[in-house]
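Counting from 571, one number per residue, gives the positions in the sequence shown under the working numbering. We put the CB at the ideal spot given by N, CA and C, even for glycine. Predicted model only: the values in this text are computed from it and were never measured.
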Amino acid sequence: MFNELISIILPVYNAEKYVSKCINSLINQTYKNIELIIIDDGSTDNSTAKCNYYLMKDSRIQLININNSGVSNARNVGIKNSRGSWIMFVDADDWLEPDAVEKVCEYVLDKDECDLIQFNCNEVNETGRLVNKKEGVVNLKTLSGLELKNYYKRIFIPSGDLESLEVFGFTRPVWGKLFNGKIVRNNNILFNHDLKIGEDMLFNLEYFSHCKRIILMPHYLYNYRVLSSSAEHGYMQHAIDQYSLLMKFIYIITKQSRDAKDIDNAYRLFIIRSTLLALTRGPFHSKSGFSFKDRRLQLNKLLQIEPVKAMKNCELNTLMSKKENIVFFALKEEKLLVLNVLLDFKYFINRLRKSRGKTI
């Protein structure tokens with residue numbers, strides 16, 4: 571019978587509206603051999619009091635209070651204080667189904683040398699009402715060899731983007747997964763606390779590189795709350811710096827695995843999309859207030875980083891949108907003016923719509 575300790579790492583920052591539901595879902599799991607490591611990341615609301623209440627209620631809870639330093643550092647503190655054979659990450663505004671850990675552990679018991687187990691998620695709104703069941707695996711899958719490469723590609727190309735790629739559910743987030751604690755600790759895999767975007771993706775890429783077998787479960791066990799405050803493509807003050815940093819780290823981590831042509835294609839498409847996001851979320855966003863000269867300088871700055879510069883020497887045979895094709899052409903042929911005109915046009919259209927109350 572499987573009875574290994576499961577470490578559940580829960581970073582909390584100003585989540586007083588949701589944290590009680592989350593913690594209740596964890597301490598009431600049908601699988602009892604868990605340790606819940608709560609990292610209070612300097613909350614200024616009632617989250618701290620709520621966490622302390624549960625600390626007194628359940629001896630399996632470890633509460634660590636730290637100064638506010640971001641979710642990556644909070645998770646790292648959780649990893650360093652974990653004792654479990656397996657590690658699971660949960661966000662404070664989400665929750666697990668009551669038998670989630672038990673169901674996942676059944677597959678750990680059944681499969682030899684399993685390095686990662688992933689399960690599906692429900693998408694819910696702020697009130698907790700089900701919005702939809704996110705695209706996930708339909709049947710149980712055990713991945714190794716070539717299938718593992720296809721799974722690896724999915725971290726660059728999100729599920730559903732390309733018909734030619736099989737659906738592997740959510741590869742980018744760290745939630746909805748059970749990680750082998752030995753792999754994490756032996757390889758010192760931690761979150762990069764300099765990043766404010768793509769932290770999960772970077773952690774997973776490094777972890778996946780040590781995996782030989784992955785199990786994808788068809789069960790919907792994680793409830794992911796979509797909050798209106800978490801606008802994924804809104805204005806970002808330091809977008810150029812953050813996306814540049816993300817692309818540089820991924821360029822280094824994936825250098826060896828990009829020998830395969832298909833992974834190379836997926837990686838290059840990711841670079842194109844990240845370049846576009848860095849510009850449209852940063853200097854070319856309607857809220858940026860950058861002058862024409864400053865937008866041009868920021869564009870030049872982004873084009874000088876190694877992953878973007880490398881695009882001019884490559885081919886890309888994959889499905890892209892019109893915008894992505896233009897960006898790829900501009901990067902490959904070093905047509906800076908083409909990219910500048912495209913982005914300036916979008917910038918001025920959005921400024922006009924903003925002034926009329928129709929910002930996109």
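Element boundaries [beta strand (DSSP E), containing residue i]
i	result
Arg755	Element bounds for Arg755: not the beta strand (DSSP E) but the alpha helix (DSSP H), 751-756.
Phe689	686-694
Arg699	Note, Arg699: premise wrong, no beta strand (DSSP E); not H, not E.
Tyr792	784-795
Asp664	Asp664 -> no beta strand (DSSP E), and no H or E assigned at all.
Ile759	No beta strand (DSSP E) contains Ile759, which DSSP labels as neither H nor E.
Asn635	631-636
Ser577	576-582
Neighbourhood of residue i by C-beta distance below 6 angstroms, restricted to the same chain and skipping five residues each side
i	result
Glu894	Ile842
Val589	Val582, Ser617, Lys620, Ala662
Leu772	Asn762, Phe819
Asn750	Asp685
Val707	Gly739, Leu786, Pro788
Asn603	Asn573, Leu575
Thr741	Arg724, Ile725
Ala836	Lys723, Phe726, Ile727
Glu733	Residue placement at Glu733 is poorly supported in this model, since its pLDDT is 43, which falls under 50; the coordinates still yield a value, given next. Excluding sequence neighbours, Glu733 sits near nothing in its chain.
Tyr917	Phe854
Residue i, buried or exposed, once every other Cβ within 10 Å from all chains shown has been counted against 16
i	result
Leu775	buried
Leu735	Since pLDDT at Leu735 reaches only 46, below the 50 mark, its modelled position is unreliable, and the value read off the structure follows with that caveat. Leu735 is buried by the Cβ-count criterion.
Gly768	buried
Thr824	buried
Ala880	exposed
Phe862	exposed
Leu839	buried
Ser652	buried
Ser798	exposed
Arg699	exposed
Leu909	buried
Met806	buried
Arg755	exposed
Val524	The first residue shown for the chain is 571 and the last is 930, placing residue 524 beyond what the model contains.
Val796	exposed
Met626	exposed
Asn695	exposed
Phe726	buried
Ile636	exposed
Ser642	buried
Gly804	exposed
Leu907	exposed
Val674	buried
Thr850	buried
Asp611	buried
Val671	buried
Asp615	exposed
Sequence-distant residues of the same chain with beta carbon closer than 7 angstroms to residue i, five excluded per side
i	result
Phe915	none
Ile833	Lys719, Tyr722, Lys723, Ser827
Glu683	Lys782, Arg783
Ile593	Tyr624
Arg645	Ile579, Pro581, Phe659, Phe761
Leu815	Asp764, Leu765
Lys591	Trp665
Asp731	Residue confidence is low: Asp731 scores 48 on pLDDT, short of 50, so the model does not pin down where it sits. No coordinate-derived value is stated.
Cys884	Arg838
Asn709	Pro788
Phe689	Val674, Gly746, Met787, His789, Leu791, Tyr792
Val911	none
Boundaries of the alpha helix (DSSP H) in which residue i is found, first to last residue
i	result
Phe659	Here Phe659 belongs to no alpha helix (DSSP H); instead the beta strand (DSSP E) covers 656-659.
Asp669	First-last for Asp669: undefined, no H or E at that position.
Ile609	That residue, Ile609, is in no alpha helix (DSSP H); its beta strand (DSSP E) goes 604-611.
Lys711	Where Lys711 is concerned, there is no enclosing alpha helix (DSSP H), although the beta strand (DSSP E) it sits in stretches over 711-713.
Lys627	617-627
Phe773	769-778
Val641	641-650
Ser798	Counting along the chain, Ser798 falls outside any alpha helix (DSSP H), and DSSP gives it neither H nor E.
Asn594	589-597
Glu717	716-723
C-beta neighbour in chain B for residue i, strict 8 angstroms
i	result
Thr600	The displayed structure is made up of one protein chain only, and chain B is not part of it.
Proximity test, residue i beta-carbon vs the ligand COA heavy atom, cut-off 7 angstroms
i	result
Tyr583	As far as ligands go, the structure on display features none, and thus does not contain the ligand COA.
Residues of its chain near residue i, where Cβ-Cβ distance is below 8 angstroms and the 5 sequence neighbours each way are ignored
i	result
Leu901	Ile842, Thr845, Leu873, Val878, Met881, Lys882, Leu909
Ser655	Glu574, Leu575, Ile576, Asn750, Gly751, Lys752
* **Any beta strand (DSSP E) of 3 or more consecutive residues that is wholly inside the stretch 867-902** => none
* **the stretch 630-641 contacting the stretch 597-610, beta-carbon criterion three pairs below 8 angstroms** => yes
* Asked: Touch check for the stretch 774-789 and the stretch 647-664: three-plus C-beta pairs under 8 angstroms?
  -> no
* 4-residue-minimum alpha helix (DSSP H) runs that sit fully inside the stretch 803-864, ordered along the chain -> 809-823, 831-851
* So does the stretch 852-860 actually touch the stretch 744-756, counting three or more Cβ pairs closer than 8 angstroms? -> no
* Decide if the stretch 849-856 is in contact with the stretch 864-871; the criterion is three or more beta carbon pairs, one per stretch, under 8 angstroms apart. => yes
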